[in-house]
Structures are given as C-alpha cells and as structure tokens.
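Read the structure below first, then the notes.
Protein chains in written order, with my numbering: chain A, 31 to 322; chain B, 31 to 322.
And the structure:
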C-alpha cells in the first residue's frame with residue numbers, strides 16, 4: 031500500500047518492533063481497534079481502515095465462543111459506531127476494508143472453488159463471528175452510509191509471518207525445515223488449501239480501497255490449491271534436503287479441500303495474484319534466513 | 031403441545047398471570063433462559079426446550095445492537111454450554127427447538143415465497159443475531175451432539191398476543207378496531223406479510239420435536255401472504271363496521287412482500303397450517319373480547 035502512495039499506520043493492541051527493513055510503516059499506535067478515539071488523532075485520522083484485528087484464531091474462538099463474541103463481535107459493533115461519528119466530523123472518511131476468512135465463513139465446501147455466493151455455513155465460532163460482522167457492515171452501509179468492502183482471504187503467507195505462530199503452515203513448516211526440525215502432518219498430507227502471498231494481499235487492499243462497483247464481498251486467494259505434501263515437496267526442492275514428517279491422526283473437522291474462486295476479484299478489482307507458489311515459498315525462506 | 035401429551039412449563043424472566051382459561055400450563059418458573067441451573071430442577075428437567083426467548087424485537091435490536099449481542103447471542107452461547115452439561119447428566123435430554131425469524135434472517139427477498147435455502151442477508155441486528163444462533167446450533171450438534179431444530183416463524187398471531195405490544199399487527203389492529211380506535215398504516219397498505227395462527231405454531235412445535243430426518247431448519251408460516259389492507263378489510267367484515275386508518279409515510283426499510291415457502295415443513299414434518307386467516311382473525315377478536 032505504501033508503494034501505491036498510501037501513508038500506512040499500524041494500530042494494534044500490541045506493539046510490533048519493525049526492523050529497519052520495514053520501510054512502509056509511517057508510524058504505529060498501541061490501542062484496541064475499537065477504541066477509535068485512542069488512535070484516530072494520533073495517526074491524523076484515516077482515509078481507509080484495513081481491519082485485520084481479531085483477538086482469536088479459529089481454535090481459540092471455538093474454545094471460548096463467549097469471549098470471541100464479547101471481544102470481536104461487540105468490538106466490531108463499537109468500531110462501527112465510533113467510525114459513524116468520525117465520518118460525520120471528517121467529511122465521510124474513512125472507508126473500511128474488513129478482512130474476513132475465506133477458510134471459515136463458507137463451512138464445508140459443497141463445491142470448489144468456492145465463489146462468494148456459495149452458502150455460508152461456518153463450522154466454527156470464528157467463522158460465525160466473521161460472518162456476523164459482514165452482515166453488520168451491510169446494515170451499517172444501508173442505514174448510515176458506511177463505505178466498506180469485505181475481503182475473504184484464504185491463507186496469507188510470506189515475509190513477516192511469525193514462524194512460532196498458531197497459524198500459518200508455510201511459515202511454521204519453512205522455519206522448521208530450515209532448522210532441520212520435523213514437521214507435523216495430520217493424516218496423509220493430501221489436504222488441499224489455498225495460499226496467497228502477502229504482497230498480493232497488499233495489492234488486493236489497494237484495489238479494494240479504490241473499487242467503486244456494486245459488489246461488497248471479494249474472495250482473495252492464490253487461485254489454486256496446494257496439498258500439505260506439495261508444500262513439503264516444495265521446501266525439500268528449495269532447501270536441497272529432505273524434510274522429516276511427524277505423522278499424526280487426521281483431524282475429522284478438516285475439510286479435504288478449500289480453494290477460493292477469485293474470478294470476481296479478477297473481473298471487478300482487476301486484481302490477480304502475481305507471486306507463484308514456489309517463488310513465494312522461496313521468498314519466505316529468504317526472509318526466515320534473516321531472522322536472528 | 032399439552033393436547034399432544036406434553037407437560038408444558040413456562041420459563042420466563044417475567045411471570046405471566048395465566049387466567050383460568052390457560053389449562054395447558056403445568057407450571058411456570060421465573061428465570062433467565064440462559065441460567066439453566068435456576069430452572070432445570072424446578073420443572074423436573076425437560077425433554078424438549080422450545081426456545082422462544084429474546085430480550086429484543088427488531089426495532090430495539092437495531093437501536094442497541096451491542097446490548098442485543100450481549101444478552102441474546104451471549105445468552106444463547108451460555109444456554110448451549112449449560113445444556114451440554116445437562117445432557118451428560120440427564121441421558122441426552124433435552125433437545126432444543128430454536129424459534130428463529132422468517133421475517134428477519136433472509137433480508138430483502140430475491141424471490142417469494144422464501145424457501146429455507148434462500149440466501150440469508152439480514153437487514154437488521156435482530157436477524158444477524160438469530161442467524162448467528164442458528165450457526166452456533168449447527169456447530170453444537172457437530173461438536174457436542176445437540177439434537178436441535180430451527181423453526182423460522184413468520185408472524186404468529188392469535189389468542190394471548192398482547193394488543194399493547196410493539197409487535198403483532200393483527201392483535202394491535204383487532205384491539206383498536208374493536209374499541210373504535212384508528213389504526214396506523216405506513217404507506218398505502220399494500221405491504222404483504224405472512225401470518226400463522228398460534229395453535230398451528232404449537233402443532234409445528236410438536237411435529238418438530240418428533241422429527242427424525244436430516245433437515246434442521248424449517249419455515250413455519252401461513253402458506254400465503256395478506257396485505258395490510260386485507261387485514262383491515264377482514265376486521266371490517268367481521269366487526270360489521272368500518273375501521274379508521276391513520277395513514278403515515280411508507281417506511282423505506284419495509285420490504286413490499288415477505289411470504290415463507292412451507293413445502294419443507296409440509297413434506298418432512300407432515301405439518302401444514304389448519305386455521306384459515308379469516309377464522310384466525312375471528313378467534314383473535316373473540317379472545318380480545320374476553321379481556322377486561
């Protein structure tokens with residue numbers, strides 16, 4: 031987004047320490063996303079809010095759905111109310127890009143690739159909350175004129191993804207493979223997922239921020255699925271050595287395949303992913319090598 | 031349900047004073063619906079919970095969506111957790127029938143009548159919360175074996191509907207017409223809605239409680255739509271005098287028509303409405319005449 035001319039601020043309840051190699055960051059504010067009064071003036075307001083904040087991941091939302099609702103759904107409702115007041119005083123700014131989950135809102139795919147009009151039958155609390163926020167955004171536009179777009183991301187990966195995180199199979203596998211550690215595979219490794227490179231996600235943000243058409247919801251994915259086995263094979267090829275697998279029992283709640291249909295984003299946002307999977311994994315490895 | 035052999039208890043956060051003419055009620059407990067420990071033992075547990083509780087109506091949910099989420103969505107999550115514990119100790123009981131809203135979960139109809147697989151695009155916070163509960167019920171079945179059915183009701187009417195309520199156009203209009211008072215009509219009275227008589231709703235509860243098929247969500251409606259003008263005409267015919275209208279500006283958020291497709295309930299619950307609209311309105315008037 032910085033490359034496209036935006037001054038990019040980060041608002042987060044925890045401060046990230048950006049290395050010198052993060053030249054895109056104009057500044058950062060430590061604040062809860064919903065406490066707009068705490069961050070609005072400190073970053074001189076905003077034309078576009080890219081809303082990536084969540085206190086949960088799918089597993090933690092399922093473990094405590096009440097907390098997920100209280101922090102994330104209620105937090106989002108408070109955000110919408112606060113932005114309503116800001117729009118009045120700031121001449122219509124900001125518009126809101128809400129990052130939703132292409133892996134969670136559809137539920138078990140009835141067909142792949144999953145288009146935006148596939149039924150939304152989430153199989154976890156995380157997806158229910160994401161979907162409820164999407165509905166409230168539509169209502170907020172109809173009743174109070176919020177300009178918004180929803181981006182249903184598949185699995186973003188690439189530089190800056192923490193290899194010790196609870197999400198992000200490519201970062202975790204790449205980090206472990208790089209250090210000669212075994213990787214955990216649930217089942218036979220045939221499960222297929224959709225991955226989209228971080229810089230392509232940033233380009234989708236730019237395209238969505240400038241979009242003026244009728245659609246409000248866009249899938250943002252890599253355009254193609256890759257199995258867990260393919261990820262490991264790609265790492266082995268790039269690293270030039272084999273990667274040890276620790277095989278665990280298949281998890282029955284993992285759908286065998288989840289790939290997003292990105293035709294709408296291609297046609298209406300004029301966006302398409304540009305980083306090929308092998309190149310993205312190679313860039314991920316290069317970045318991981320720079321970590322202490 | 032009493033006529034079908036059930037011992038019917040009422041659990042409500044406010045006590046109703048049932049006149050002697052409510053012979054179906056075995057007893058009542060004053061408690062919050064989600065505080066299962068407060069009511070379970072006092073009504074000797076339950077085989078089936080018919081969950082009709084909500085602290086909001088569509089207008090109040092829109093006015094304070096945060097409160098709607100905190101009381102109703104969080105309350106429902108707590109209910110599911112508490113029932114999980116009860117099922118363990120009570121041999122699988124109870125099953126849950128959740129009363130959802132056929133008027134709120136679909137949003138603006140893309141076609142009528144609205145079948146259960148019509149996209150769910152609620153246009154108000156009330157419908158978003160109802161839909162989120164439906165999703166959580168599906169997840170609760172998949173993860174913890176809850177036996178449940180969702181009944182998406184259209185507009186129930188008939189005896190026992192309070193004529194001073196904020197909902198229930200037939201009760202309100204019938205009460206006012208009976209007492210020679212004018213009725214409020216927003217727009218030209220052409221708006222069409224779906225009404226289902228109270229006793230037919232009770233029969234749908236019985237059918238859903240006994241259902242063993244695959245479907246989880248059923249529309250429960252009158253099978254046909256009636257305009258506001260038709261309601262007033264029916265009252266005029268039954269009362270033998272004209273009803274004064276107070277005409278107000280049409281409300282832009284009122285969809286012109288909302289009628290539920292009830293073929294699934296007919297085919298799978300072997301249920302269909304039995305009380306014709308004119309008979310239902312007549313019975314409503316008869317009951318209103320017994321009020322002091």
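For every residue, glycine included, the Cβ atom is placed at its ideal position computed from N, Cα and C.
Can you check whether the C-beta of residue i is within less than 7 angstroms of a C-beta belonging to chain B?
i, result
"residue 103 of chain A", "yes"
Within 10 angstroms of its Cβ, does residue i collect 16 or more other Cβ (buried), or is it exposed?
i, result
"residue 323 of chain B", "What the structure shows of chain B is the stretch from 31 to 322, and residue 323 of chain B is not part of that stretch, so it cannot be assessed."
"residue 20 of chain B", "This structure does not reach residue 20 of chain B, given that chain B is present from 31 up to 322, and the question cannot be answered."
"residue 194 of chain B", "exposed"
"residue 170 of chain A", "buried"
"residue 124 of chain A", "buried"
"residue 57 of chain B", "exposed"
"residue 299 of chain A", "buried"
"residue 115 of chain A", "exposed"
"residue 150 of chain B", "buried"
"residue 316 of chain B", "exposed"
"residue 143 of chain B", "buried"
"residue 183 of chain A", "buried"
"residue 134 of chain A", "buried"
Listing by chain order, which chain D residues have their CB less than 8 angstroms from the CB of residue i?
i, result
"residue 168 of chain B", "In the structure shown, chain D does not exist; the protein chains are A and B."
In chain A, which residues lie less than 7 angstroms from residue i when you measure between Cβ atoms?
i, result
"residue 107 of chain B", "95, 96, 99"
Could you tell me which chain A residues have their CB closer than 8 angstroms to the CB of residue i, listed as they occur along the chain?
i, result
"residue 158 of chain B", "162, 165, 166, 169"
For residue i, which of the options has the nearest alpha-carbon?
i, options, result
"residue 38 of chain B", "B/72, B/245, B/139, B/244", "B/72"
"residue 302 of chain B", "B/171, B/104, B/293", "B/293"
"residue 196 of chain A", "A/70, A/249, A/86", "A/86"
"residue 208 of chain B", "B/174, B/312, B/233, B/107", "B/312"
"residue 30 of chain B", "B/53, B/55, B/131, B/105", "A question about residue 30 of chain B goes unanswered here, because the residues of chain B that appear run from 31 up to 322."
"residue 138 of chain B", "B/290, B/239, B/188", "B/290"
"residue 314 of chain B", "B/116, B/251, B/299, B/261", "B/261"
"residue 239 of chain A", "A/129, A/44, A/101", "A/129"
"residue 297 of chain B", "B/249, B/309, B/255, B/277", "B/249"
"residue 187 of chain A", "A/206, A/172, A/224, A/173", "A/224"
"residue 230 of chain B", "B/275, B/305, B/246", "B/305"
"residue 308 of chain B", "B/237, B/115, B/256", "B/256"
"residue 212 of chain B", "B/265, B/244, B/173, B/235", "B/265"
"residue 68 of chain A", "A/41, A/53, A/80, A/45", "A/41"
"residue 102 of chain A", "A/244, A/237, A/62", "A/62"
"residue 190 of chain A", "A/54, A/95, A/93", "A/54"
"residue 154 of chain B", "B/95, B/241, B/173", "B/95"
"residue 285 of chain B", "B/64, B/317, B/235, B/152", "B/152"
"residue 127 of chain A", "A/145, A/253, A/242", "A/242"
"residue 263 of chain B", "B/184, B/145, B/203, B/97", "B/203"
"residue 33 of chain B", "B/142, B/206, B/235, B/201", "B/235"
"residue 288 of chain A", "A/258, A/268, A/246, A/274", "A/258"
"residue 173 of chain B", "A/276, A/92, A/59, A/84", "A/92"
"residue 318 of chain B", "B/70, B/200, B/82", "B/200"
Using a cut-off of 9 angstroms between C-beta atoms, extract the partners of residue i located in chain A.
i, result
"residue 295 of chain B", "What residue 295 of chain B touches in chain A: nothing, since even the nearest Cβ is about 20 angstroms away."
Against residue i, what residues of chain B qualify as contacts under a CB-to-CB distance less than 7 angstroms, listed in chain order?
i, result
"residue 172 of chain A", "153"
**OP:** For the stretch 166-185 of chain A and the stretch 271-287 of chain A, state whether three or more C-beta atom pairs, one from each stretch, are separated by less than 8 angstroms.
**Re:** no
**OP:** Report yes or no: do three or more beta-carbon pairs, one from the stretch 155-166 of chain B and one from the stretch 154-162 of chain A, lie closer than 8 angstroms?
**Re:** yes
Original post:
Can we say the stretch 109-128 of chain A touches the stretch 65-80 of chain A, given the rule of at least three CB pairs closer than 8 angstroms?
Top reply: yes
Original post:
Should the stretch 209-221 of chain B be called in touch with the stretch 102-116 of chain B, which here means at least 3 C-beta pairs below 8 angstroms?
Top reply: no
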